[in-house]
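Written out below as structure tokens is the structure these notes cover.
There are 2 protein chains.
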Amino acid sequence: MSIPPPATPGSPLDAVDTPALLIDLDAFERNLARMAGRLAGTGIRLRPHAKTHKSPVIAARQIALGAVGVCCQKVSEAEIMVDGGVPDVLITNEVVGEAKLARLAALAARARIGVCVDDPKAVAPLSAAARRFGADIDVLVEIDVGQGRCGAASPEAAVLLAQELAAAEGLTFAGLQAYHGAAQHIRDPRDRAQAIAASADVTRKTVTALDAAGLGCATIGGAGTGSFEMEAAAGLWNELQPGSYIFMDADYARVGPPAGGEPFEHALFVLATVMSRPVEGRAVLDAGLKAHSTDSGLPVIRGHQRLVVTGASDEHAVMEGTGVPALGERVLLIPGHCDPTVNLHDWYVGLRGLAGPEPLVECVFPVAARGALF
Amino acid sequence: MSIPPPATPGSPLDAVDTPALLIDLDAFERNLARMAGRLAGTGIRLRPHAKTHKSPVIAARQIALGAVGVCCQKVSEAEIMVDGGVPDVLITNEVVGEAKLARLAALAARARIGVCVDDPKAVAPLSAAARRFGADIDVLVEIDVGQGRCGAASPEAAVLLAQELAAAEGLTFAGLQAYHGAAQHIRDPRDRAQAIAASADVTRKTVTALDAAGLGCATIGGAGTGSFEMEAAAGLWNELQPGSYIFMDADYARVGPPAGGEPFEHALFVLATVMSRPVEGRAVLDAGLKAHSTDSGLPVIRGHQRLVVTGASDEHAVMEGTGVPALGERVLLIPGHCDPTVNLHDWYVGLRGLAGPEPLVECVFPVAARGALF
Numbered sequence: 042m043s044i045p046p047p048a049t050p051g052s053p054l055d056a057v058d059t060p061a062l063l064i065d066l067d068a069f070e071r072n073l074a075r076m077a078g079r080l081a082g083t084g085i086r087l088r089p090h091a092k093t094h095k096s097p098v099i100a101a102r103q104i105a106l107g108a109v110g111v112c113c114q115k116v117s118e119a120e121i122m123v124d125g126g127v128p129d130v131l132i133t134n135e136v137v138g139e140a141k142l143a144r145l146a147a148l149a150a151r152a153r154i155g156v157c158v159d160d161p162k163a164v165a166p167l168s169a170a171a172r173r174f175g176a177d178i179d180v181l182v183e184i185d186v187g188q189g190r191c192g193a194a195s196p197e198a199a200v201l202l203a204q205e206l207a208a209a210e211g212l213t214f215a216g217l218q219a220y221h222g223a224a225q226h227i228r229d230p231r232d233r234a235q236a237i238a239a240s241a242d243v244t245r246k247t248v249t250a251l252d253a254a255g256l257g258c259a260t261i262g263g264a265g266t267g268s269f270e271m272e273a274a275a276g277l278w279n280e281l282q283p284g285s286y287i288f289m290d291a292d293y294a295r296v297g298p299p300a301g302g303e304p305f306e307h308a309l310f311v312l313a314t315v316m317s318r319p320v321e322g323r324a325v326l327d328a329g330l331k332a333h334s335t336d337s338g339l340p341v342i343r344g345h346q347r348l349v350v351t352g353a354s355d356e357h358a359v360m361e362g363t364g365v366p367a368l369g370e371r372v373l374l375i376p377g378h379c380d381p382t383v384n385l386h387d388w389y390v391g392l393r394g395l396a397g398p399e400p401l402v403e404c405v406f407p408v409a410a411r412g413a414l415f
Numbered sequence: 042m043s044i045p046p047p048a049t050p051g052s053p054l055d056a057v058d059t060p061a062l063l064i065d066l067d068a069f070e071r072n073l074a075r076m077a078g079r080l081a082g083t084g085i086r087l088r089p090h091a092k093t094h095k096s097p098v099i100a101a102r103q104i105a106l107g108a109v110g111v112c113c114q115k116v117s118e119a120e121i122m123v124d125g126g127v128p129d130v131l132i133t134n135e136v137v138g139e140a141k142l143a144r145l146a147a148l149a150a151r152a153r154i155g156v157c158v159d160d161p162k163a164v165a166p167l168s169a170a171a172r173r174f175g176a177d178i179d180v181l182v183e184i185d186v187g188q189g190r191c192g193a194a195s196p197e198a199a200v201l202l203a204q205e206l207a208a209a210e211g212l213t214f215a216g217l218q219a220y221h222g223a224a225q226h227i228r229d230p231r232d233r234a235q236a237i238a239a240s241a242d243v244t245r246k247t248v249t250a251l252d253a254a255g256l257g258c259a260t261i262g263g264a265g266t267g268s269f270e271m272e273a274a275a276g277l278w279n280e281l282q283p284g285s286y287i288f289m290d291a292d293y294a295r296v297g298p299p300a301g302g303e304p305f306e307h308a309l310f311v312l313a314t315v316m317s318r319p320v321e322g323r324a325v326l327d328a329g330l331k332a333h334s335t336d337s338g339l340p341v342i343r344g345h346q347r348l349v350v351t352g353a354s355d356e357h358a359v360m361e362g363t364g365v366p367a368l369g370e371r372v373l374l375i376p377g378h379c380d381p382t383v384n385l386h387d388w389y390v391g392l393r394g395l396a397g398p399e400p401l402v403e404c405v406f407p408v409a410a411r412g413a414l415f
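Line order of the protein sequences matches chains A and B.
Just so you know, our numbering puts 250 at position 209 of the first sequence, and the rest follows in order with no gaps.
Just so you know, our numbering puts 149 at position 108 of the second sequence, and the rest follows in order with no gaps.
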């Protein structure tokens, strides 16, 4: 890793260079405990999505609170999780290409690895790779439950896939991947509930068709931070895959909290410095598109209701309003979208006592799977 | 750097893992030569912006064709350029904070370094840092020429700043930074020309006020890929700072080519694989928000006029239209915005003969300043 960390453990917040990716450890730990608490005793497993944090350090914290393992989106992410001590990784995604399949099978020879398929053409190459490494790979059939992205398009297509998987050497048909990503961000909880009800309907029909074919689903996985309580209540999903709940972001704050229990808190921030104060009512920050992702909207400034980020370019964010901070002052940005924001940074800076008078850097650790695209 | 490269020199394009950041070396070299040719004999210096490529390897190619040095946006970028052999770097940005100023001055002790200021409060700390390292730092006064971001807001403010700089130990008042970033992307060339004419008017007034105060401008810097010919024609700017011309991107293609000379070509691509083909007319690619930046729009698919990228999420891009490629086929995405896309990748894969029947990987080199945010 060529970029040095912006802080050292034991130093005060004032000594952290900017822009820096901060974790409010107190809020982060409350978020971890809240999700674990929400699922405790329900019989529903928690398999948090590591694409949010890309860190085996954080995965270990989630597993210590009862998570059965983590999800990843890429083989290279899964390799970094396994190398970091995670024994059980589900790749909630299709993996295509000989090189990737060989790496996937090699990984499955040393950890419990699951992956998704949504195309019969993918079964033979996956089975061949597993056989070559003497590995056994759990395979979920991904079904399209409303996202309109990947996933088998009908129960019949899912059954055919499951039958091929059940017959394929080195592979175990492990159930269904039934995730509706777009539903996570639907603002109105009634519309969101309606979308998840439709997902449940498709999933139920598929399970019924699989039962009729004598194929049981050990795992029915899906759900995210915006809808997990709805999947949990459906009596169908038995493994939930939320990721963003650990950090929250400005977009999920607009989605609003789950119906029951305490809401998750913002625990991820980009620390930025006012680098220009050219006119009254405007300050320019040293954190732009390369420090926080704007795909889900501009960042929100923590603790400044009357200040708004009005624009972002590669290396700048423009802040306007009343009570604009002075040149050299620092602010905490709540990123619009946490996952791609984390992926821009090489280091996490973990702060203890951020809400208090003297926040201290407790830990600095790498975003180990940043840039793990393969 | 923890992420292994997606290819090795000497291998065919088919052997490159995806997603990967590709340079079409033939088109790239034509772009470099075209910009050098446009400014040759005009007496106007070229100082390309390295925030686009973040690579001393590419900076060296630009300098070999006559560039006087490069621009950077961050001290950490400049450090990586100097360590990579670039002798002359202008930071076209304000630098605030003791730690950064110390690093800036240390760098100025071993290379020619310039920086911008737009606030009198910034002069004393910058001078103190320069004195501490016995360094001499060239300082441009940044003026707001229409961007509405950083920059002194009036000729009078610029003169006061220049006077303070001229009197400050360890600093040399070197002229003006007069860059209109927003103008680069104005679609209609007449509107764009009008914006640059307004920039020229502000710049001229400032130069006149500086002359009256006995302060000459060794450098008047600015311009980008969208407007450089206009600044070149204004008879005012003597150092141009375009960055994107080396790669071009989908957004700059919408801006349209310069009035004179051959247009710049797309030379940067994200190679992606079809990982899902769930229904007729839709393919899902393995390159999402973490492989290409969507801040300036979705990517365009090279050589497929009837296929459109209709959506992107963290790790997926959805492609729809007629003639959708099959599972496992690969496509070249022209990113919406090249700078933040480059910043997502650890490696460049340089291809020779991309337009021909057998493209070969000629070189693989790091995006050395990726993540250099400080």
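Glycine residues also receive a C-beta, built at the ideal position from the N, C-alpha and C atoms.
In this text, all values refer to a predicted model and were calculated from it rather than measured experimentally.
| query | result |
| --- | --- |
| At a CB-CB cut-off below 8 Å, which residues of chain B make contact with Gly338/A? | Going along chain B, no residue has its Cβ under 8 Å from Gly338/A, so there is no contact; the nearest lies around 11 Å. |
| Assuming Asn72/B is part of the beta strand (DSSP E), what are its boundary residues? | Taken as a continuous stretch (DSSP letters only), Asn72/B belongs to no beta strand (DSSP E), being part of the alpha helix (DSSP H) at Leu66 to Leu80. |
| Mind listing the chain B neighbours of Gln114/A? Cutoff is C-beta to C-beta under 8 Å, in chain order. | Asp355 and Glu356 |
| When DSSP labels each residue in this structure, what does His226/B get in the three-state scheme? | helix |
| The beta strand (DSSP E) with Ala358/A in it runs from where to where? | His357 to Gly362 |
| Could you tell me whether any Cβ in chain B is nearer than 8 Å to the Cβ of Phe406/A? | no |
| Using 8 Å as the threshold, is the C-beta distance between Gly126/A and Ile44/B below it? | no |
| Short of 7 Å in beta carbon distance, which residues of its chain neighbour Ala353/B, apart from the five on each side in sequence? Order them along the chain. | Gly329, Leu330, Thr335 and Leu339 |
| What does the alpha-carbon distance come out to for the pair Met42/A and Asp387/A? | Reliability of the predicted coordinates at Met42/A is poor, the pLDDT of 49 falling under 50, and no value is obtained from them. |
| List, in order along the chain, the chain A residues whose C-beta lies closer than 8 Å to that of His386/B? | Gly412 and Leu414 |
| Quick check: the region 303 to 314 of chain A against the region 247 to 254 of chain A, are there 3 or more CB pairs under 8 Å? | no |
| State the CB to CB distance for the pair Glu403/A and Leu392/A, rounded to an integer number of angstroms; the pair is presumed to be in contact (CB under 8 Å). | 7 Å |
| Look at the alpha carbon of Ser96/A and the alpha carbon of Ala165/A, and state the distance between them as a whole number of angstroms. | 32 Å |
| Measure from the C-beta of Lys92/B to each C-beta in chain A and report whether the shortest distance is under 8 Å. | yes |
| Going by the CB atoms, is the gap between Gly187/A and His226/A shorter than 8 Å? | no |
| Excluding five sequence neighbours on each side, which residues of the same chain lie with their C-beta closer than 8 Å to the C-beta of Asn72/A? | Tyr286, Ile287, Phe288, Met289, Phe305, Glu306 and Ala308 |
| For the region 263 to 276 of chain B against the region 209 to 216 of chain B, are there 3 or more C-beta pairs whose distance is under 8 Å? | no |
| Any Cβ of chain B within less than 8 Å of the Cβ of Arg233/A? | no |
| Could you confirm whether any beta carbon from chain A is found closer than 8 Å to the beta carbon of Thr49/B? | no |
| Pull up the CB-CB distance for Leu181/A and Gly211/A, whole angstroms please, since I reckon it's below 8 Å. | Wrong, their Cβ atoms sit about 15 Å apart, outside the cutoff. |
| Just to confirm the assignment, what range does the beta strand (DSSP E) spanning Tyr286/A have? | Looking at the DSSP string, Tyr286/A is not in any beta strand (DSSP E), and its letter there is neither H nor E. |
| For the region 146 to 207 of chain A, which segments carrying the alpha helix (DSSP H) assignment without a break, of at least 4 residues, lie completely within its bounds, in sequence order? | 164 to 173 |
| Give me the Cα-Cα distance between Phe406/B and Ile375/B, rounded to the nearest whole angstrom. | 20 Å |
| What does Val359/B reach in chain A if we use C-beta pairs closer than 7 Å? | Arg190 |
| Measure the CB-CB distance between Ala146/A and Ala170/A and report whether it falls below 8 Å. | yes |
| Helix or strand or just coil, what does DSSP make of Val136/A? | coil |
| Could you tell me if Ala273/B is buried or exposed, where buried requires 16 or more neighbouring beta carbons within 10 angstroms of its beta carbon? | buried |
| Note down, in chain order, every chain B residue with its Cβ under 7 Å from the Cβ of Asp159/A. | Ser317 and Pro319 |
| So which residues of chain A does Val325/B contact, with C-beta pairs closer than 7 Å? | Arg190 and Cys191 |
| According to the Cβ coordinates, are Asp355/B and Lys92/A closer than 8 Å? | yes |
| Please name the residue, chosen from Ser337/A, Gly84/A and Asp229/A, that lies closest to Pro298/A on a Cα-to-Cα basis. | Asp229/A |
| Please state if the CB of Leu62/B and the CB of Tyr389/B are separated by a distance shorter than 8 Å. | yes |
| Between which two residues does the beta strand (DSSP E) containing Val315/B stretch? | Leu309 to Ser317 |
| Are the beta-carbon atoms of Ile121/A and Ala367/A separated by less than 8 Å? | no |
| Kindly indicate which three-state DSSP category Tyr293/A falls into: helix, strand or coil? | helix |
| Sorted by chain position, which residues of the same chain lie with C-beta nearer than 7 Å to His378/B's C-beta, five sequence neighbours on each side aside? | Asp290, Asp292, Ser334, Asp336 and Ser337 |
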